[in-house]
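Read top to bottom, the protein sequences are chains A and B. Each residue of the first sequence is one higher than the last, beginning at 1 in this note's numbering. Each residue of the second sequence is one higher than the last, beginning at 287 in this note's numbering. Every residue, glycine too, gets a C-beta built ideally from N, C-alpha and C. Notes to accompany the following structure.
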Amino acid sequence: MSGAEGAAIEVHDLAKHYGAVRAVDGIAFAVRTGELFGLLGHNGAGKTTTIRMLTGRARPTAGSARVLGHALPGERDRVKPLVNLVFEDQNLYERLTGRENLRLFARLYGVPDARADELLELVGLVAAGRRAVRTYSSGMKQRLLIARALVNRPRVLFLDEPTRGLDPASAREVRAILRGLASEGATLFLTTHDMEEADELCDRVAFMADGRIVGLDTPRELKLRYGERTAVVLLADRTEQLLRLDDAEDAARLAGWMREGHVLTVHSREGTLEDVFVSLAGRPLL
Amino acid sequence: MSISLRAIVAIYQKDVRDALRDARIAVVLATPLLVGLLYNVTLPEERRTEVKLAYAAAAGDVALVESLRDDVQRSIDLRLLARDDGDAVRTAVLDRSATIGLVVPSGATEAMKSGRAPTLTLVFSTGVTAGGEVVLRQLDLLARRVAGQSPPAIVTVETVRRPDQEPILFTAIGIRAAFILSTVVMLLGMISMIVLPMLIAEESEKRTIDALLMATSYADVVVAKALVGLTYTGLAIVVLLAITGVRPADPVLFTVGVGLLALVLGGFGLLLGGMFRSAQQVYTWSSFFLIPVLGPAFAAVTPDLPPALATALRALPTSEAIRILANATSGKTVYPDIAVSVAVTAAWGIAAYGLLAWRLARREA
C-alpha cells in the first residue's frame, strides 16, 4: 500500500466537472483502515459524485484517488472485489425474493450461495428472505441493500445516505448494523446529510459544500473548534437566558445573577455539527 | 473489455427468472403464439380433408382401391375401410362411420383391362360432397388408365412473372405456411425489439445496473441479455411450430435463418435498450422500431408490391431472412439467391454488433 500510513482511501485534488458545473472541485483527504468516515453535505454538494469516483464508476476530471493502494479508475477491476456500495436508491430486483437477490450477487462475486443465508440472518431477514422484495417495507429493503453490499466481504464499504427516508426505528436498526461492522474492523465511508447520525457514528467527518471540503476532523474537535459553547440559564423569575460562554459580557451577567441568587439551573450546551456546518459552509444544511 | 462467464450465467439465470414474473413480457411472448393459434382456426385449408371410404372389393380388386387412394392423396386424405359386401358399405355410409362408399364388383379390374365396362358404384348419404367429387373424378381417370386408354390431353399449370417480380410467398409455399413464417418473424421482432430493450431499460430505470456494475462489466450484462433473448426465441419458435404443426423441410437451413435473424435483431434490440430510460418508454416507442422489422415480413405475403418498394424492402434483414425461411420451410428453391440473403443478413449483424461494441467501449472508457 502506498501513500499515507494505513490509509484505505487517499484522495488528492480530486475533481469532477460536468461542463461548467464543478460537481467535485479539488478535494483531498485520507481515510484510515478501520475508520468510520462520514462525508456530510447538502444535496448536490458532490458527495455521491465522490463515491462514484471512489468506486470506479466515474472518471475524475482531475486529481487522483487510491483505494486500498489501487489507483482509480485505472485499476478499477482490482478494486471491484475489495469494495462495495450501499446505494442511495433501493435498487433491488423487486420481483425476486430477498434470498434470490443475495444469491445473484454471491454468484457474481463467486462466493457460495450459503453466504446469502448468513447475511439474511445478520440483517434479520431470514423469514422474509423467501418473499418477493416488492412486499418489503423500506426499512427491510435498506437492510437487504446492506446485506447485498456485504456479500463479497468488502474491505471498504461505501454507504450513500444509508438511512435516508427511513422511519426512526428502521434508521436505528441500520445504524446498529453499521456499528457492528465498524467494531469488526471494516472501513466504512458514509455520506449523509443527517448531522446527528454522523455525530453518533463517525470517527471523523468531512463537510462538503459546492464540491469542496470545508472542514474535516473528529466530530468533537469540529464542535470544539467551530461550535459556540453556550449555557441555558433558568432564572428565579422562570425566564430562560441563553449565554455564550466565550463572551466576557455574558460571563459577567451570569456571575452577577449567581451572586444575587437569581439562578435556578444552568445547562451547558455544546455546539452541534449542524452549527459547525453553518459556520463553515455559510448556510444551513437543509 | 473483459468477459466473465460466471457473471454472464448468473445474470442470465436472474433474467430468465425475473422476466417470467413480469406480466408485460409474458404478454409480448404470448401475442405471436396466439396469432399462431388464430391461423390454425382461420387458415385450415392446407390440411387435407379426411374422407373415409368404405369399400367392398374382391382380393383381386383391392389394388384398384389402393391406387385410387394414392391418386387422390394430394387433395384429400382417403382412409380405406374394408367391408364384406355392398350392403355393409351402404350401412357404413348411412351410419356415418364412412363418408362415402365404393362397391367394386368381383373381377372389375380384369373386366376393365379386357374392354368390358363393369359398374363401379360410389355411395353417398346426402349427395356428392367436395371430397366425393375428387374421388369421383379420380376414379374415372383411374378406370381409363386401367383400361389402357390414353388421356385425351395433358394439362399443365405454369406461372409466369416479370424478371424483376418476386415470387409471391403464399403461392410458392402456401398461404398458411407464409403467414406462419410472418409470425415467426413477428415473434423474433417482439422479443428483440421489445423484450430485450425492456430488460436493459428496466435495469437502468431501477438503477439495478449500477449494482451489477459494482461486481461485473457492462459487456457481461449485455451478453447475458442477448442469451436471454436467444433462449426466449428458441423456446417460442419451437412452441409456435408445435402449435401450428409446421415442419420445416430443411430444419438446418431453418435454424440458420432463425438464428441469424435473432442475432441481428437482438443486436439492434440491445442497442435500443441502451437508448431508453425506462421500460415504459420501450413499450411506448417499440412499435415505431417494429415497423421496419415486421414490415418486410408482411410485405412478403402481399402480391403486386410496387417494384421500388419491393427493392427497398430487400435491403432490410427481415426481408432476406424470410427468403431463407421460405426455402427452408418448403424444401424448394423458392428464392434462388439464398447466399446473397445470408450475406445481407450477416452484414446487418456485423453493423449491429459493431455499433454495440463501439458503444460498450465508450461506456467502459
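### Query
In whole angstroms, what is the alpha-carbon distance linking A/L242 and B/S490?
52 Å
### Message
Does B/I477 pass the burial test, meaning 16 or more other C-beta atoms within 10 Å, or should it be called exposed?
### Response
buried
### Straight-line gap, A/R131 to A/V151 (C-alpha atoms, nearest Å)
19 Å
### Task
Give me whichever residues DSSP pairs with A/K16 in a beta bridge.
A/V24
#### Entry: Residue interval of the beta strand (DSSP E) (run including A/M208)
204-209
### Query
Is it the case that the Cβ atoms of B/V358 and B/Q424 are separated by a distance below 7 Å?
Yes, these two residues count as a Cβ contact at 7 Å.
### Query
Exposed or buried, which one is B/W644 when buried takes at least 16 other CB atoms within 10 Å?
exposed
### Rounded straight-line distance, which links the Cα of B/I529 to that of B/A522
10 Å
### Task
Check the Cβ-Cβ distances between B/K269 and every residue of chain A, and say whether any is below 7 Å.
Here chain B covers residues 287 to 651 and nothing more, so residue 269 of chain B does not appear.
#### Entry: Simplified DSSP assignment, three categories, for A/M1
Bear in mind that the predicted position of A/M1 carries a pLDDT of just 38, short of 50, making it too unreliable to give a figure here.
### Message
According to DSSP, simplified to helix, strand and coil, what is A/Q241?
### Response
Strand at A/Q241.
### Task
Please report the residue range of the beta strand (DSSP E) in which B/T615 lies.
Careful: B/T615 lies outside any beta strand (DSSP E), inside the alpha helix (DSSP H) at 603-616.
### Message
I need the boundaries of the beta strand (DSSP E) containing A/R269, first residue and last residue.
### Response
263-269
### Query
Could you check where the beta strand (DSSP E) with B/K338 kicks off and where it finishes?
Unbroken beta strand (DSSP E) run through B/K338: 335-342.
### Message
Quick check for students: name the residue ranges of the alpha helix (DSSP H) that lie wholly in the stretch 526-574 of chain B, counting only runs of 4 or more.
### Response
For the stretch 526-574 of chain B, whole alpha helix (DSSP H) runs of length 4 or above, ordered along the chain, are 537-561.
### Alpha-carbon to alpha-carbon, B/L516 and A/A7
47 Å
### Query
If you drop the 5 nearest sequence neighbours on each side, which residues of the same chain put their C-beta closer than 8 Å to that of A/A198?
These residues qualify, in order along the chain: G38, L40, L190, T192, V205, P219, L273.
### Query
If A/L102 sits next to A/R134, beta carbons under 8 Å apart, how far is it from one beta carbon to the other, in whole angstroms?
Actually they are not in contact, since the Cβ atoms of A/L102 and A/R134 sit about 16 Å apart, beyond 8 Å.
### Message
Using only the alpha-carbon positions, how far apart do A/A252 and A/K223 sit?
### Response
24 Å
### Message
Between which two residues does the alpha helix (DSSP H) holding B/D356 run?
### Response
348-358
### Task
Starting from the beta carbon of B/L499, find every residue of chain A whose beta carbon is closer than 8 Å, and list them in chain order.
R57
### Query
Would B/D301 pass as a contact of B/V524 if the rule is Cβ separation under 7 Å?
no
### Query
Could you give the distance in angstroms between the alpha-carbon of B/A378 and the alpha-carbon of B/G387?
The straight-line gap separating the alpha-carbon atoms of B/A378 and B/G387 is approximately 8 Å.
### Task
Classify A/F158 as helix, strand or coil using the three-state DSSP reduction.
strand
### Three-pair Cβ contact test at 8 Å for the stretch 259-269 of chain A versus the stretch 228-237 of chain A
yes
### Message
Quick check on A/V24: buried or exposed, where buried means 16 or more other Cβ atoms within 10 Å of its Cβ?
### Response
The residue in question, A/V24, is buried, as its Cβ has 16 or more Cβ neighbours within 10 Å.
### Message
Less than 7 Å between the C-beta atoms of B/T631 and B/E606, yes or no?
### Response
Cβ distance < 7 Å, so B/T631 and B/E606 count as in contact.
### Task
Let me know if B/F465 comes out buried or exposed under the rule of 16 or more other beta-carbons within 10 Å of its beta-carbon.
buried
### Query
Leaving out the 5 sequence neighbours to the left and right, which residues in its chain are closer than 6 Å to A/A62 when beta-carbon positions are compared?
A15
### Query
List, in order along the chain, the chain B residues whose C-beta lies closer than 8 Å to that of A/R253?
One finds nothing in chain B with a Cβ atom closer than 8 Å to the Cβ of A/R253; even the nearest lies about 56 Å away.
### C-alpha distance - A/M1 paired with A/G69, whole-angstrom precision
Only weak support exists for where A/M1 lies, its pLDDT of 38 falling under 50; the value from the coordinates is given anyway. Cα to Cα, the separation comes out at about 5 Å.
### Message
Let me see if you follow: with CB-CB separation under 7 Å, is A/N43 close to chain B or not?
### Response
no
### Among B/S383, B/L467, B/D373, B/G417, nearest to B/R360 - alpha-carbon criterion
B/G417
### Query
Counting only beta-carbon atoms, is A/L72 nearer than 7 Å to chain B?
no
### Task
Please list the partners that A/L104 has in chain B, where partner means a Cβ-to-Cβ separation under 7 Å.
A296, K300
### Query
Are at least three pairs of beta-carbons, each pair with one atom in the stretch 562-576 of chain B and one in the stretch 488-504 of chain B, less than 8 Å apart?
Touching, yes.
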